[in-house]
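Novice: Attaching a single structure in structure tokens format; questions to follow.
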Amino acid sequence: MGCCFTGNGRGSEQEPSVKNTLVFLREELLYDIENYTFVSGDIMPVENEHLKHQVFDVAQDGNEDLATRVLNLAHAECVESLYPYTKTPCIQDEELDDKLVVPERYEIELALPKQFSRTTVLLLKELIHDYFVCRVLVEWLGITDPAAQPFWKERLEELKARMKRALLGRRKPLRRGQSMF
Numbered sequence: 662m663g664c665c666f667t668g669n670g671r672g673s674e675q676e677p678s679v680k681n682t683l684v685f686l687r688e689e690l691l692y693d694i695e696n697y698t699f700v701s702g703d704i705m706p707v708e709n710e711h712l713k714h715q716v717f718d719v720a721q722d723g724n725e726d727l728a729t730r731v732l733n734l735a736h737a738e739c740v741e742s743l744y745p746y747t748k749t750p751c752i753q754d755e756e757l758d759d760k761l762v763v764p765e766r767y768e769i770e771l772a773l774p775k776q777f778s779r780t781t782v783l784l785l786k787e788l789i790h791d792y793f794v795c796r797v798l799v800e801w802l803g804i805t806d807p808a809a810q811p812f813w814k815e816r817l818e819e820l821k822a823r824m825k826r827a828l829l830g831r832r833k834p835l836r837r838g839q840s841m842f
């Protein structure tokens, strides 16, 4: 996962913008997902090894398709939640199907105001990475270990709220007027 910053920007009538691309590598996302499911399965109080095995297998052959579909959905959700900065025009007569696409990279292209804080972009990158991971865990553990799902659902909602707060936060330097008090 990485963050590509290009400061060339492109002019607009309202405010100049800077183009940034957030890049999330599928391999890194699956690695984190597997780590969480391993720990979750390992601490399960169940003596049935088959149940634990099911929790571990999130990124194995056959199950990887489910993880991919959820990652694709999480990507679309993140792009939509960043709408003011990701909007792109519709394409005339475009046909979209539901064929499984397995990208090696999930990219989110942002057109940000020139004064947008780089630290906010870095925070968003980390929050979105965690969002991708949690989104898959909510779906997978809902199937394999329903008792663990509420924790991940709560964490997913917390990540959404933190992303929203980061976007609504201050984007320009704070200016304070002079006061004798």
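Reminder that position 101 of the sequence shown reads as 762 in this note's numbering, one-by-one numbering, no gaps.
For glycine and all other residues, C-beta sits at the position ideal for the given N, C-alpha and C.
1) For a quick check, are the C-beta atoms of L683 and L771 less than 9 Å apart?
2) Do you know how far the Cα of Q839 is from the Cα of P811?
3) For my contact list, I769 and T747 are in at a C-beta cut-off of 8 Å; report their separation, rounded to the angstrom.
4) Between which two residues does the beta strand (DSSP E) harbouring N681 extend?
5) Only counting the same chain, and skipping five residues up and downstream in sequence, which positions put a Cβ closer than 7 Å to that of N724?
6) Under the three-state reduction of DSSP, which class applies to R743: helix, strand or coil?
7) On a CA-only basis, which of R687, L784, E815, R826 is nearest C795? Give me that one, please.
8) How would you call E674, buried or exposed, if buried means at least 16 neighbouring beta carbons within 10 angstroms?
9) Which residues in the same chain as R701 place their Cβ atom closer than 7 Å to its Cβ, once the five residues preceding and following it in sequence are excluded?
10) Does any residue of chain B bring its CB to less than 9 Å from the CB of T781?
11) Taking the continuous alpha helix (DSSP H) assigned at L761, which residues delimit it?
12) When the Cβ atoms of the stretch 783-794 are set against those of the stretch 817-826, are three or more pairs found closer than 8 Å?
13) I'd like the ranges of any alpha helix (DSSP H) spanning at least 4 consecutive residues and lying wholly in the stretch 691-730.
14) Could you please give me the residues that DSSP links to A808 through a beta bridge?
15) Rounded to whole angstroms, what is the Cα-Cα separation between I704 and D722?
Specialist: Reading off the structure:
1) yes
2) 50 Å
3) 6 Å
4) 678-686
5) D718
6) For the record, residue 743 in the displayed sequence is Leu; it is not Arg. Looking at L743 - three-state DSSP - the assignment turns out to be coil, as it is neither helix nor strand.
7) E815
8) For E674, the predicted model reports a pLDDT of 49, less than 50, meaning its position is unreliable; a value from the coordinates is still stated below. Exposed, by the Cβ-count rule.
9) Residue identity differs from the one stated: residue 701 is Ser in this sequence, not Arg. V716, L802, D806, A809, listed in sequence order.
10) Within the model displayed, chain B is absent; a lone protein chain is all it includes.
11) Neither: L761 is in no alpha helix (DSSP H) and is coded neither H nor E.
12) yes
13) 710-717
14) Its beta-bridge partners do not exist; DSSP assigns none.
15) 24 Å
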